[in-house]
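With numbering that gives the first Met the number 0 applied, the sequence shown covers 0 to 373.
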Amino acid sequence: MTLYPNLIIDALRNVKYPGNGKSLVDNEMIEDDIRIDGNKVSFSIIFDKPTDPFVKSVVRSAEAAIKAYISPDVDIKDNIAVKFRRPVVEKPVNPLPGVKNIIGISSGKGGVGKSTVAANVAIALAAKGYKVGLLDADIFGPSVPKMFGVEGEQLYMVNKEGRDWIEPVEKYGVKMLSIGFVVDKDSAVLWRGGMASNALKQLITDAWWGDLDYFLIDMPPGTSDIHLTLVQTLPITGVVVVSTPQQVALADARKGIAMFRGDKVNVPILGIVENMAWFTPAPHPEERYYIFGNGGAVKLAEELGVNLLAQIPLVADICNDADCGAPTSTLLATSEADSTNPEVKAFSGLADAIVEAIEVRNITLPPTHKVETH
Ligand SMILES: Nc1ncnc2c1ncn2[C@@H]1O[C@H](COP(=O)(O)OP(=O)(O)OP(=O)(O)O)[C@@H](O)[C@H]1O
Numbered sequence: 000m001t002l003y004p005n006l007i008i009d010a011l012r013n014v015k016y017p018g019n020g021k022s023l024v025d026n027e028m029i030e031d032d033i034r035i036d037g038n039k040v041s042f043s044i045i046f047d048k049p050t051d052p053f054v055k056s057v058v059r060s061a062e063a064a065i066k067a068y069i070s071p072d073v074d075i076k077d078n079i080a081v082k083f084r085r086p087v088v089e090k091p092v093n094p095l096p097g098v099k100n101i102i103g104i105s106s107g108k109g110g111v112g113k114s115t116v117a118a119n120v121a122i123a124l125a126a127k128g129y130k131v132g133l134l135d136a137d138i139f140g141p142s143v144p145k146m147f148g149v150e151g152e153q154l155y156m157v158n159k160e161g162r163d164w165i166e167p168v169e170k171y172g173v174k175m176l177s178i179g180f181v182v183d184k185d186s187a188v189l190w191r192g193g194m195a196s197n198a199l200k201q202l203i204t205d206a207w208w209g210d211l212d213y214f215l216i217d218m219p220p221g222t223s224d225i226h227l228t229l230v231q232t233l234p235i236t237g238v239v240v241v242s243t244p245q246q247v248a249l250a251d252a253r254k255g256i257a258m259f260r261g262d263k264v265n266v267p268i269l270g271i272v273e274n275m276a277w278f279t280p281a282p283h284p285e286e287r288y289y290i291f292g293n294g295g296a297v298k299l300a301e302e303l304g305v306n307l308l309a310q311i312p313l314v315a316d317i318c319n320d321a322d323c324g325a326p327t328s329t330l331l332a333t334s335e336a337d338s339t340n341p342e343v344k345a346f347s348g349l350a351d352a353i354v355e356a357i358e359v360r361n362i363t364l365p366p367t368h369k370v371e372t373h
């Protein structure tokens, strides 16, 4: 009887691993250490983990297959060694080592102006001289590219440190990427959770964000798998919650805050922004009409013990400027800057309030940790 390794392999093709019904060979469970010495054959079978319930039965089936398909004279009994794949220990790495502060911009409810606030704050911070990044993670309505006038922008790669990275689009001094660049706007919401999460992770970890003072993330409204992905991918320094004065919006903001404050997530709340706090007609800048209610956000902030970072008026120009691809805060960086313009002042004041809240948070609280997956 002449024995050779392929004969052994062919016999083992008949042994199925009960865990998935595929053969030991297809599962790459046969170690490349087959030894033949006369009639004596030895080799190793590799299992994922020592707790695998099929170790014994698989070894017995392999012995039987070799005797059945080659010859009963093969000396195989007790010659099969069992090995286990080494567990892959993931080192906790900081995916954005050059980023000092990561700020989530969130809302309990859609349509309250979260993206408008994120875009204007990012641009205001850049106008004040900070290095700023903005990630539009709102898979339900990625609106930041439109607000920056870069819809349909082609993404480029940049080679740094020996590999290719996605290069964020830079406009108004802000480095920006949007889930809208990689997912068709109308179908994003139909993506299976895992696909959207993976695309988002790529925009965080495979992009060359470089050194940033503030990395803002426009989160989807409410609570979703995407929130979980974000807190598992990044140590978020703090969250800004945007709400309108309506009771329904405030109730949802309260739920959002509870999620971030929960034991499992544990991300500090930097404060609440009350958007569309009142309506001021352009010809009468001193007048305020509280069309969505008055005082609700102030009360909620007090009750939950968080800052009310700013009250932003409802002004047609805020909407028009964003629709035209040049959010109101771009005026801060131009000679058109008008210190009496209430909406420009409101966003500038909000940017200052966020800088201050981050400073206080960094002094009073330990760094946030990514939420670990088990
Ligand atoms: N203070 C404001 N004054 C006037 N219009 C505003 C103001 N804030 C936001 N808007 C307008 O309201 C609409 C919704 O804003 P935006 O897209 O920022 O909301 P959102 O909370 O991000 O919504 P979604 O969660 O659905 O993405 C936009 O047309 C925007 O221009």
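Virtual Cβ for every residue (Gly too), placed ideally from N, Cα, C. As the structure is a prediction and not an experimental result, all values here were calculated from the model.
Note down, one range per segment and in chain order, each alpha helix (DSSP H) of at least 4 residues found wholly within the stretch 7 to 86.
As summarised for the stretch 7 to 86, the continuous alpha helix (DSSP H) elements at least 4 residues long and confined to that stretch are 54 to 68, given in chain order.
Measuring straight from C-alpha to C-alpha, what distance separates residue 241 and residue 280?
Between residue 241 and residue 280, the alpha-carbon positions lie close to 23 Å from each other.
Do residue 103 and residue 259 have their C-beta atoms within less than 9 Å of each other?
Their beta carbons are under 9 Å apart, which means residue 103 touches residue 259 by this criterion.
Exposed or buried, what is residue 288 when buried is set at 16 or more other beta-carbons lying within 10 Å of its beta-carbon?
Residue 288 comes out exposed.
Going by other Cβ atoms of all chains shown within 10 Å of its Cβ, with 16 needed for buried, is residue 100 buried or exposed?
Label assigned to residue 100: buried.
Taking residue 133 and residue 215 to be in contact with their CB atoms under 8 Å, please state how far apart those CB atoms are, rounded to whole angstroms.
With a Cβ gap of about 5 Å, residue 133 and residue 215 count as contacting.
Could you round the C-beta distance between residue 270 and residue 297 to whole angstroms and report it? I think they count as a contact, below 8 Å.
With a Cβ gap of about 12 Å, residue 270 and residue 297 do not count as contacting.
Where do the ends of the beta strand (DSSP E) carrying residue 378 lie?
For residue 378 there is no data in the structure shown, the boundaries of the chain being 0 and 373.
Between the stretch 116 to 126 and the stretch 169 to 176, can you find at least three pairs of beta-carbon atoms closer than 8 Å?
Yes, they touch.
To the nearest angstrom, how far is the alpha carbon of residue 224 from that of residue 110?
When rounded, the distance between both Cα atoms is 19 Å.
Whole-angstrom distance between residue 198 and residue 48, CA atom to CA atom:
Their backbone Cα atoms lie some 31 Å apart in a straight line.
Within 10 Å of its beta-carbon, does residue 304 have 16 or more other beta-carbons around it, so buried, or fewer, so exposed?
Residue 304 counts as exposed, since fewer than 16 other C-beta atoms from the protein chains shown sit within 10 angstroms of its C-beta.
With 16 other Cβ atoms within 10 Å as the buried cut-off, status of residue 156:
By the 10 Å Cβ count, residue 156 comes out exposed.
Which of the three DSSP states is assigned to residue 366 in this structure?
Coil.
Ligand 1 heavy atoms versus the CB of residue 313: any closer than 8 Å?
Checking the 8 Å criterion, the Cβ of residue 313 is within range of a heavy atom belonging to ligand 1.
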